[in-house]
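Residue numbers (the UniProt record's numbering), protein chains in the order written: chain P, 1 to 293; chain S, 1 to 293.
By construction, the Cβ of each residue, glycine as well, lies at the ideal position given by its N, Cα and C atoms.
These figures come from a predicted structure and were not determined experimentally.
2 protein chains.
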Amino acid sequence: MTTPHPRLSINQATIKYTTVAQAIDVVSAAGIQSIGLWREQVQEAGLNESVKMIADSGLRYSTHCRGGWFTAEPGPARQAALNDNRVAIDETAALAAAGAAGSKAALVIVVGGLPEGSRDIVGARERVRDAVATLAPHAEANGVQLALEPLHPMYCSDRAVLSTLDQALDIAADFAPEVVGVTVDTFHLWWDPDVFDKVARAGREGRIASYQVCDWKTPLAADVLLSRHYPGDGVIDFAAFTKAVEATGYTGDVEVELLSQEIWDTDPAEAVRRTIDGFERAVAPFLSNTPVS
Amino acid sequence: MTTPHPRLSINQATIKYTTVAQAIDVVSAAGIQSIGLWREQVQEAGLNESVKMIADSGLRYSTHCRGGWFTAEPGPARQAALNDNRVAIDETAALAAAGAAGSKAALVIVVGGLPEGSRDIVGARERVRDAVATLAPHAEANGVQLALEPLHPMYCSDRAVLSTLDQALDIAADFAPEVVGVTVDTFHLWWDPDVFDKVARAGREGRIASYQVCDWKTPLAADVLLSRHYPGDGVIDFAAFTKAVEATGYTGDVEVELLSQEIWDTDPAEAVRRTIDGFERAVAPFLSNTPVS
Chain P
1 MTTPHPRLSI NQATIKYTTV AQAIDVVSAA GIQSIGLWRE QVQEAGLNES
51 VKMIADSGLR YSTHCRGGWF TAEPGPARQA ALNDNRVAID ETAALAAAGA
101 AGSKAALVIV VGGLPEGSRD IVGARERVRD AVATLAPHAE ANGVQLALEP
151 LHPMYCSDRA VLSTLDQALD IAADFAPEVV GVTVDTFHLW WDPDVFDKVA
201 RAGREGRIAS YQVCDWKTPL AADVLLSRHY PGDGVIDFAA FTKAVEATGY
251 TGDVEVELLS QEIWDTDPAE AVRRTIDGFE RAVAPFLSNT PVS
Chain S
1 MTTPHPRLSI NQATIKYTTV AQAIDVVSAA GIQSIGLWRE QVQEAGLNES
51 VKMIADSGLR YSTHCRGGWF TAEPGPARQA ALNDNRVAID ETAALAAAGA
101 AGSKAALVIV VGGLPEGSRD IVGARERVRD AVATLAPHAE ANGVQLALEP
151 LHPMYCSDRA VLSTLDQALD IAADFAPEVV GVTVDTFHLW WDPDVFDKVA
201 RAGREGRIAS YQVCDWKTPL AADVLLSRHY PGDGVIDFAA FTKAVEATGY
251 TGDVEVELLS QEIWDTDPAE AVRRTIDGFE RAVAPFLSNT PVS
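Set out below in structure tokens:
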């Protein structure tokens, strides 16, 4: 069995049908040192119980997934979304504090798409900026970094009006880097002709909260949300991408988050094993082994 | 029945199952003044016969679809692609010359994706630049404009490594505007946070060969290639987009090209009627009526 790279982290979305306890067990048993959990499962297990399990596991906590979904017009729905993000910030702080040294209190933010019936993409993007400003003080007070994630433009209308790294960085620029950062996910960004310049900017500005590796292949799945592949199984040049991220000085965890019905239908231990193998071949050769910091 | 806007052009892909003769009939019967044909159907009808039909119809010719697919490594396949593009250039010149005043000898270029098994997107993009340079003299000699079309990033790996308007403009910059221009299609570009700046640049540099309007809606069709909608049926802000194009001084045809199984399964006359209605509501109010030039 391949020994997992020390910086590999499994995002629970890769093994979506696990409880927190199962996810921790599977990841630990594989010799992986880091994990990122999803809110739904954490809430099902209970936050305190999840915190205890993370502390007992000795794993690092890489990211908490996820906040956002705050593009609604002002009103009760928007207020509810903002309140829920405050809860997510609290969860992030608690889980990261329970993780091993090198854990990161980063809340991945998927901002949301256009509100139902709206064509006002400019307005939706402005409301993202406003929501980040509203949440930043609570994040700062809890030592949590909001990790804005630009999603692939094919999700622009229904999942994230944030589509490029520069857009995320322009919003982040109004805040301290430890309060608002960005998530750099190969699947979402690989097509961008200027992506390496933007990655360099993200590094220069101290904003890289998480580096996520996930491959792209066509034809896309009929549900494009579930069209992700193990690193190395698709067309992304992980050598070039990973070198660009490494060149910024990023030494944190590298997360694998695979939304795929086929992978979800795989036994979780087997999905983790395949993740380790793909990572070893496609990503690890271009990563330093420096301790996660 | 709505009188079609004088600048509306029907791209034959909207009524894909028509012959050239049928397409011309349906478009003319609806009172539309302009058409763009596809190579497959033109070749089936014969180029000379198609030229004659266009001349007899009194329609303008808006674009010829399409060339490109030239991202292959040097070798026989690439040579064949380049040769085929030379034929497409010749077709474009002949058909546009047969069209009514205001016709445009514009060959829409879909550049192609990554070659099978390749992860070298940088190389593929360089070969696009090389191919354009190779074809430009033949285009220039025939008075044809190569209309580079950036496609939505979800097509980056299998259809077009050209994903943004700036990328297309950067390639075009090495050539005269009448030789290499760009196709501005709302469906492909609407998500880009900087798209209006890029449209302004395209106008300033005299590169807008064609403005195409087509709507975006989710969930996407299972085959994302066929996920297009009549203008007004989705989330694109055609008011803002069309005003941005108009502000550049573009006074040419506005083409509707709808790849959609549902629309293809509609009677062509009915599909054209719905196109006219959608165009009238979503696009026409923001267009000048100035004669096409």
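E126 (chain P) versus A55 (chain S) - alpha carbon distance:
Locating residue 126 (chain P) in the first sequence gives position 126, counting from the first residue. Locating residue 55 (chain S) in the second sequence gives position 55, counting from the first residue. So the alpha carbons of these two residues sit roughly 50 angstroms apart.
Under 7 angstroms, CB to CB, which of the residues in the segment 163 to 180 of chain S have a partner in chain P?
S163, T164 and Q167
For the segment 51 to 83 of chain S, enumerate the residues whose C-beta is nearer than 7 angstroms to any C-beta of chain P, in chain order.
none
Quick one: grab the DSSP three-state call for N142 (chain P).
Translated into positions along the first sequence, residue 142 (chain P) becomes position 142. Reduced to three states, the DSSP call for N142 (chain P) is coil.
Measuring CB to CB, does G117 (chain S) end up less than 8 angstroms from R159 (chain S)?
Position 117 of the second sequence, counted from the start, is the residue given in the question as residue 117 (chain S). Position 159 of the second sequence, counted from the start, is the residue given in the question as residue 159 (chain S). No. Outside cutoff.
Residues in the segment 146 to 157 of chain S with C-beta within 7 angstroms of chain P's C-beta atoms, listed in sequence order?
H152, P153, M154, C156 and S157
Counting C-beta neighbours from all protein chains within 10 Å, is the total for T3 (chain P) 16 or more, i.e. buried, or is it exposed?
The residue labelled residue 3 (chain P) in the question sits at position 3 within the first sequence. The residue is exposed, with fewer than 16 neighbouring Cβ atoms inside 10 Å.
Have a look at L37 (chain S) and H64 (chain S) and give me their C-alpha separation to the nearest angstrom.
Here residue 37 (chain S) refers to the residue found at position 37 of the second sequence. Here residue 64 (chain S) refers to the residue found at position 64 of the second sequence. Whole-angstrom Cα-Cα distance: 6 angstroms.
Name, please, each residue of chain S whose Cβ falls closer than 7 angstroms to the Cβ of V224 (chain P).
Within the first sequence, residue 224 (chain P) is the residue found at index 224, counting from 1. The CB of V224 (chain P) comes closer than 7 angstroms to the CB of L220 and V224 in chain S, given here in chain order.
Closest to W216 (chain S) by C-alpha separation, out of S:V199, S:S260 and S:A176, would be which residue?
Taking the first residue of the second sequence as position 1, residue 216 (chain S) is located at position 216. Nearest to W216 (chain S) by alpha-carbon distance, out of S:V199, S:S260 and S:A176, is S:S260.
Write down the C-beta distance between A147 (chain P) and A209 (chain P) rounded to the nearest angstrom, noting that I regard them as a contact closer than 8 angstroms.
Here residue 147 (chain P) is taken as the residue at index 147 of the first sequence, counted from 1. Here residue 209 (chain P) is taken as the residue at index 209 of the first sequence, counted from 1. In this structure A147 (chain P) touches A209 (chain P) by the C-beta definition: roughly 4 angstroms separates them, less than 8 angstroms.
To be precise: take each residue of the segment 118 to 139 of chain P, compare its Cβ to all Cβ atoms of chain S, and keep it if any distance is under 9 angstroms. Which residues remain?
Cβ contacts with chain S come from S118, R119, D120, I121, V122 and R125.
So, using beta-carbon positions, are N142 (chain S) and I109 (chain S) closer together than 8 angstroms?
On the second sequence, residue 142 (chain S) is found 142 positions in, with the first residue counted as 1. On the second sequence, residue 109 (chain S) is found 109 positions in, with the first residue counted as 1. No. Outside cutoff.
Contact with chain P by W264 (chain S), beta-carbon distance below 8 angstroms
One-based indexing of the second sequence puts residue 264 (chain S) at position 264. With 8 angstroms as the cut-off, W264 (chain S) does not count as an interface residue toward chain P.
Cβ contact (3+ pairs, closer than 8 angstroms) linking the segment 67 to 76 of chain S and the segment 22 to 32 of chain S
no
State yes or no: is the beta carbon of D25 (chain P) nearer than 8 angstroms to at least one beta carbon in chain S?
Sequence index remark: in the first sequence, residue 25 (chain P) carries index 25 (1-based). Chain S, which has no Cβ nearer than 8 angstroms to the Cβ of D25 (chain P), makes this no.
Around the Cβ of K52 (chain P), are there at least 16 other Cβ atoms within 10 angstroms (buried) or fewer (exposed)?
Taking the first sequence and counting its residues from 1, the one referred to as residue 52 (chain P) is at position 52. Exposed, by the Cβ-count rule.
Output, in sequence order along the chain, the residues in the segment 225 to 246 of chain P whose CB is closer than 7 angstroms to any CB in chain S.
V235, I236 and D237
Distance between A13 (chain S) and E257 (chain S) (C-alpha atoms, nearest Å)
Here the question's residue 257 (chain S) lines up with position 257 in the second sequence. Here the question's residue 13 (chain S) lines up with position 13 in the second sequence. Taking the straight line joining both Cα atoms gives about 6 angstroms.
Of the residues P:R7, P:A200, P:G67 and P:R86, the one placed nearest A244 (chain P), counting alpha carbons only:
The sequence position of residue 244 (chain P) within the first sequence is 244, counting from 1. Out of P:R7, P:A200, P:G67 and P:R86, P:A200 has the C-alpha closest to the C-alpha of A244 (chain P).
Please list, in chain order, the residues of the segment 179 to 208 of chain P that have any C-beta partner in chain S closer than 8 angstroms.
Among the residues of the segment 179 to 208 of chain P, those with a Cβ less than 8 angstroms away from any Cβ of chain S are W190, W191, D192 and P193, in the order of the chain.
Taking 8 angstroms as the limit between beta carbons, can you name the residues of its chain near P115 (chain S), skipping five residues before and five after?
Along the second sequence, read from residue 1 onward, the residue named residue 115 (chain S) stands at position 115. For P115 (chain S), where only same-chain residues beyond five positions count, the Cβ hits under 8 angstroms are T71, A72, E73 and A124.
The segment 227 to 246 of chain P contacting the segment 276 to 287 of chain P, beta-carbon criterion three pairs below 8 angstroms
yes
Short check: CB of D253 (chain P) to CB of S57 (chain P), under 8 angstroms?
Counting from one through the first sequence, the residue named residue 253 (chain P) turns up at place 253. Counting from one through the first sequence, the residue named residue 57 (chain P) turns up at place 57. Taking 8 angstroms as the Cβ cut-off, D253 (chain P) and S57 (chain P) do not qualify as a contacting pair.
If you reduce the DSSP assignment to three classes, tell me which class E255 (chain P) lands in.
Translated into positions along the first sequence, residue 255 (chain P) becomes position 255. Reduced to three states, the DSSP call for E255 (chain P) is strand.
Which same chain residues, not among the five before or five after T164 (chain P), have their C-beta less than 6 angstroms away from its C-beta?
In the first sequence, the residue the question calls residue 164 (chain P) occupies position 164. Cβ within range, chain order: P150.
What separation, rounded to the nearest whole angstrom, lies between the Cα atoms of D120 (chain P) and A269 (chain S)?
Within the first sequence, numbered from 1, the residue matching residue 120 (chain P) stands at position 120. Within the second sequence, numbered from 1, the residue matching residue 269 (chain S) stands at position 269. Approximately 32 angstroms, taken between the alpha carbons.
Please name the residue in P:F238, P:Q145 and P:L59 whose C-alpha comes closest to that of residue 295 (chain P).
Given that chain P is displayed from residue 1 to residue 293, the structure contains no residue 295 (chain P) and the question cannot be resolved.
For S103 (chain P), I'd like the list of residues in its chain whose CB is within less than 7 angstroms of its CB, leaving aside the five on either flank, ordered along the chain.
Position 103 of the first sequence, counted from the start, is the residue given in the question as residue 103 (chain P). Result list for S103 (chain P): R60, Y61 and A96, in chain order.
For R207 (chain P), the three-state DSSP class (helix, strand or coil)
Here residue 207 (chain P) refers to the residue found at position 207 of the first sequence. Under the three-state reduction of DSSP output, R207 (chain P) falls in the coil class, being neither helix nor strand.
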